[in-house]
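Participant:
Chains as they are written, first to last, in the numbering used here: chain A, 1 to 48; chain B, 49 to 527.
1. Would you call residue 462(B) buried or exposed, if buried means 16 or more other Cβ atoms sit within 10 Å of its Cβ?
2. Under a CB-based cut-off of 8 angstroms, is residue 13(A) close to chain B?
3. Output, in chain order, the set of chain A residues within a Cβ distance shorter than 9 angstroms of residue 442(B).
4. Of all the options 416(B), 126(B), 262(B), which has the alpha carbon lying nearest to the alpha carbon of residue 155(B)?
5. By how many angstroms is the C-alpha of residue 440(B) removed from the C-alpha of residue 36(A)?
6. Identify every residue that forms a DSSP beta bridge with residue 337(B).
7. Output, in chain order, the set of chain A residues within a Cβ distance shorter than 9 angstroms of residue 430(B).
8. Measuring straight from C-alpha to C-alpha, what distance separates residue 287(B) and residue 275(B)?
9. Would you kindly work out how many angstroms separate the C-alpha atoms of residue 429(B) and residue 151(B), rounded to a whole number?
10. Kindly list, in the order they appear in chain A, the residues whose Cβ is closer than 9 angstroms to that of residue 434(B).
11. Since residue 107(B) contacts residue 123(B) with CB under 8 angstroms, what's their CB separation in whole angstroms?
12. Against chain A, does residue 377(B) count as a neighbour if the rule is that its beta carbon must be under 8 angstroms from one of theirs?
13. Suppose you measure from the CA of residue 222(B) to the CA of residue 252(B); what does that come to, to the nearest Å?
14. So for residue 241(B), helix, strand or coil by DSSP?
15. Is the CB of residue 426(B) under 8 angstroms away from at least one CB in chain A?
16. How close, in whole Å, do the beta carbons of residue 226(B) and residue 402(B) come, if the pair is a contact with beta carbons under 8 angstroms?
17. Kindly indicate which residue of 495(B), 95(B), 378(B), 88(B) has the alpha-carbon position closest to the one of residue 258(B).
18. Beta-carbon of residue 64(B) versus every beta-carbon of chain A: anything under 8 angstroms?
19. On the three-state DSSP scale, how would you describe residue 189(B)?
20. Near residue 525(B), which residues of its chain fall below 6 angstroms by C-beta distance, leaving aside the five closest residues on each side in sequence?
21. Give, in chain order, every residue of the region 440-472 of chain B whose Cβ lies closer than 9 angstroms to some Cβ of chain A.
22. Please list the terminal residues of the continuous alpha helix (DSSP H) segment that includes residue 57(B).
23. Measuring only the C-alpha atoms, how far is residue 25(A) from residue 388(B)?
24. Looking at C-beta atoms only, is the number of pairs between the region 93-112 of chain B and the region 473-484 of chain B that lie closer than 8 angstroms three or more?
25. Enumerated in chain order, which unbroken segments of the beta strand (DSSP E) with a length of 3 residues or greater are wholly contained in the region 129-189 of chain B?
26. Which residues in the same chain have their Cβ closer than 7 angstroms to the Cβ of residue 470(B), if we skip the five residues on either side of it in sequence?
27. CB-CB under 6 angstroms to residue 301(B), same chain, minus the five flanking residues each way: which ones, in chain order?
28. Please classify residue 106(B): does DSSP put it in a helix, a strand, or coil?
29. Assess, as a yes-or-no matter, whether the region 187-202 of chain B is touched by the region 133-141 of chain B under the definition of 3 or more beta carbon pairs within less than 8 angstroms.
30. Within the region 456-493 of chain B, note down every full beta strand (DSSP E) run reaching 3 residues or more, in order along the chain.
31. Quick check on the DSSP output: the alpha helix (DSSP H) that includes residue 419(B) runs from which residue to which?
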């Protein structure tokens with residue numbers, strides 16, 4: 001499998017998982033569209 | 049006029065109206081102000097014109113509580129004082145720093161920023177600064193702070209020629225005021241130690257204690273101990289409410305919109321929260337300092353993240369990778385709230401070469417310090433994510449509430465409080481004019497009068513406050 005396809009497959013696999021379940025510490029913030037995940041402060045759309 | 053010791057000064061028969069104790073930023077600024085008004089004053093500088101081990105030894109002491117810098121390293125004891133190792137970063141306290149905040153006990157000053165604003169042009173001239181710029185809004189909750197990185201003025205060097213030529217100002221080097229004497233209403237004299245030996249007593253109509261944000265408390269505590277409380281009659285707050293600016297590297301960030309942040313030529317930028325944002329979270333004032341990381345630092349950050357969180361590495365690589373402009377270390381630097389238990393005391397076992405008890409600094413960060421660290425990082429991280437300026441990662445030690453790191457900067461070498469300004473003698477030492485409560489002729493200058501620290505470096509505000517005190521003194525003396 002070419003490298004780019006393998007990368008795309010991995011990404012698809014990862015994003016297919018219920019994202020919030022696979023991180024250790026997920027913390028809601030004051031903003032609906034922002035979450036704190038293992039210390040990273042991200043947009044929910046970053047995880048979609 | 050400059051004299052090398054007290055014997056030389058006495059021979060000159062100078063008759064000062066004001067005795068200033070300490071030749072740092074505050075003392076020299078007040079002396080120059082009085083000189084400009086034609087008022088004779090003497091300035092006692094404990095050190096000489098250069099740093100010496102002998103002189104620095106007087107500053108040795110012990111810290112109890114959190115780790116802090118060695119007390120003989122965090123400040124300098126020669127003409128110009130700690131301006132001799134000052135970094136030159138300039139900014140004045142904001143108007144809201146003078147206000148009381150309900151969620152920070154003992155916060156607020158008895159004066160407003162408007163009280164020092166008439167002296168800001170003169171402050172800029174002394175420090176060689178351009179005009180201060182207003183904070184530039186970055187988001188609803190944060191603004192980009194105007195911090196001027198100036199060529200630091202070394203007050204001893206900068207103003208030596210002017211002071212030497214003055215007929216009003218007499219600088220007496222190598223001369224320490226060991227203690228003040230008083231009668232509970234006024235200072236009646238000062239006991240001197242000059243050129244390594246006792247040098248008798250001295251008196252003047254007015255005294256200004258300007259020996260620095262640590263030493264002011266020590267001198268007044270010892271004076272009170274020797275005079276049965278007759279120098280600072282209301283001494284409940286003396287030495288207390290001492291504050292620093294704790295600072296730590298608390299996270300890293302990927303920046304996707306560098307233009308929004310406007311990094312300076314050193315690759316740094318500084319952000320501050322709005323008063324409303326601070327109040328909403330119940331945190332003390334702080335600033336975020338972004339410091340761009342070298343490429344190997346960025347690579348290391350991504351590599352570390354790959355081990356720790358491969359999914360996030362994937363996100364960085366794909367979601368923002370194309371737009372990634374730089375990465376930055378995220379430092380946070382905050383005002384320590386004024387807490388009575390953080391205080392300066394006199395050692396019961398150690399004395400300096402002149403026989404004065406050495407200093408004990410009792411200093412510990414508390415719950416609000418920890419909350420400001422964590423919530424401040426979160427506030428900034430949320431804002432830059434919302435505005436797509438970047439993404440921030442908070443360090444594990446911050447989130448896990450681990451012990452304070454001992455391998456970082458720790459604090460700003462900013463010594464504030466101890467003789468704080470206020471209206472209530474039970475929680476303050478000096479009044480709005482910097483005059484010691486209950487005393488007719490004793491004033492305190494420098495950062496020890498800070499009632500609340502604000503988030504910015506103190507030297508600019510010290511200079512403005514000193515000009516204000518010099519102005520007040522010159523009118524008082526004239527009347």
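The beta-carbon is built from N, C-alpha and C at its ideal position, and this holds for glycine as well.
Facilitator: To lay it out plainly:
1. Within the second chain, the letter at position 414 stands for residue 462(B). Counting the other CB atoms within 10 Å of its CB gives residue 462(B) a total of 16 or more, which places it among the buried residues.
2. Stepping through the first chain from its first residue, residue 13(A) is reached at position 13. In this prediction, residue 13(A) has a pLDDT of 44, which is less than 50 and means its spatial position is unreliable; what the coordinates show is noted afterwards. By this cut-off, residue 13(A) is not an interface position.
3. As a first step, residue 442(B) is located in the second chain; it is residue number 394 there, counting from the start. Ordered by position in chain A, the residues that pass the 9 angstroms Cβ test against residue 442(B) are 36, 39, 40, 41.
4. Here the question's residue 155(B) lines up with position 107 in the second chain. For the residues 416(B), 126(B), 262(B), the minimum Cα distance to residue 155(B) belongs to 416(B).
5. In the first chain, counting from the first residue as 1, residue 36(A) sits at position 36. In the second chain, counting from the first residue as 1, residue 440(B) sits at position 392. Computed Cα separation, rounded: 10 angstroms.
6. Here residue 337(B) refers to the residue found at position 289 of the second chain. According to DSSP, residue 337(B) bridges with 318(B), 379(B).
7. By one-based count along the second chain, residue 430(B) stands at place 382. Residues of chain A passing the Cβ test: 29, 30, 31, 34, 36, 41.
8. Counting from 1 along the second chain, the entry for residue 287(B) is found at position 239. Counting from 1 along the second chain, the entry for residue 275(B) is found at position 227. Approximately 17 angstroms between the Cα atoms of the pair.
9. To locate residue 429(B), count along the second chain from 1; it is residue 381. To locate residue 151(B), count along the second chain from 1; it is residue 103. Near 23 angstroms, if we compare the C-alpha coordinates of residue 151(B) and residue 429(B).
10. Along the second chain, read from residue 1 onward, the residue named residue 434(B) stands at position 386. Correct list: 31, 33, 34, 43.
11. Here residue 107(B) refers to the residue found at position 59 of the second chain. Here residue 123(B) refers to the residue found at position 75 of the second chain. Right, the Cβ-Cβ distance comes to about 6 angstroms (below 8 angstroms), so this counts as a contact.
12. In the second chain, the residue the question calls residue 377(B) occupies position 329. Contact of residue 377(B) with chain A is not assigned, every C-beta pair being separated by 8 angstroms or more.
13. To locate residue 222(B), count along the second chain from 1; it is residue 174. To locate residue 252(B), count along the second chain from 1; it is residue 204. The straight-line gap from Cα to Cα measures roughly 19 angstroms.
14. As a first step, residue 241(B) is located in the second chain; it is residue number 193 there, counting from the start. Three-state DSSP puts residue 241(B) in a strand.
15. Reading the second chain from its first residue, position 378 is the one you call residue 426(B). Closer than 8 angstroms: yes.
16. Numbered from 1 along the second chain, position 178 holds the residue referred to as residue 226(B). Numbered from 1 along the second chain, position 354 holds the residue referred to as residue 402(B). Rounded, the Cβ-Cβ distance is 6 angstroms, consistent with contact.
17. As a working note, residue 258(B) is residue 210 in the second chain. Residue 495(B) is the option with its Cα nearest to residue 258(B).
18. Stepping through the second chain from its first residue, residue 64(B) is reached at position 16. No, because no Cβ of chain A sits closer than 8 angstroms to the Cβ of residue 64(B).
19. For the purposes of this step, residue 189(B) is identified with residue 141 of the second chain, where counting begins at 1. Of the three classes helix, strand and coil, the one that applies to residue 189(B) here is coil, per DSSP.
20. Here residue 525(B) corresponds to residue number 477 of the second chain, with the count starting at 1. Closer than 6 angstroms at Cβ, skipping near neighbours: 65, 87.
21. Here the close residues are 440, 441, 442, 443, 444, 446, 447.
22. For the purposes of this step, residue 57(B) is taken as the residue at position 9 of the second chain. From DSSP, the alpha helix (DSSP H) with residue 57(B) extends over 54-59.
23. Against the first chain, residue 25(A) aligns to sequence position 25. Against the second chain, residue 388(B) aligns to sequence position 340. C-alpha separation (whole angstroms): 37 angstroms.
24. Counting Cβ pairs under 8 angstroms, fewer than three are found: no touch.
25. none
26. Against the second chain, residue 470(B) aligns to sequence position 422. Taking C-beta separations shorter than 7 angstroms and ignoring five residues to either side along the sequence, the partners of residue 470(B) in its chain run 158, 476, 499, following chain order.
27. As a first step, residue 301(B) is located in the second chain; it is residue number 253 there, counting from the start. Annotation for residue 301(B): 376, 378, 438, 440 place their beta carbon closer than 6 angstroms to its own, counting only its chain and skipping 5 residues before and after.
28. For the purposes of this step, residue 106(B) is identified with residue 58 of the second chain, where counting begins at 1. In the structure shown, residue 106(B) sits in coil (DSSP, three-state: anything other than H, G, I, E or B).
29. Yes, the region 133-141 of chain B is in contact with the region 187-202 of chain B.
30. 464-466, 490-492
31. Residue 419(B) sits at position 371 when you count from the first residue of the second chain. From DSSP, the alpha helix (DSSP H) with residue 419(B) extends over 415-434.
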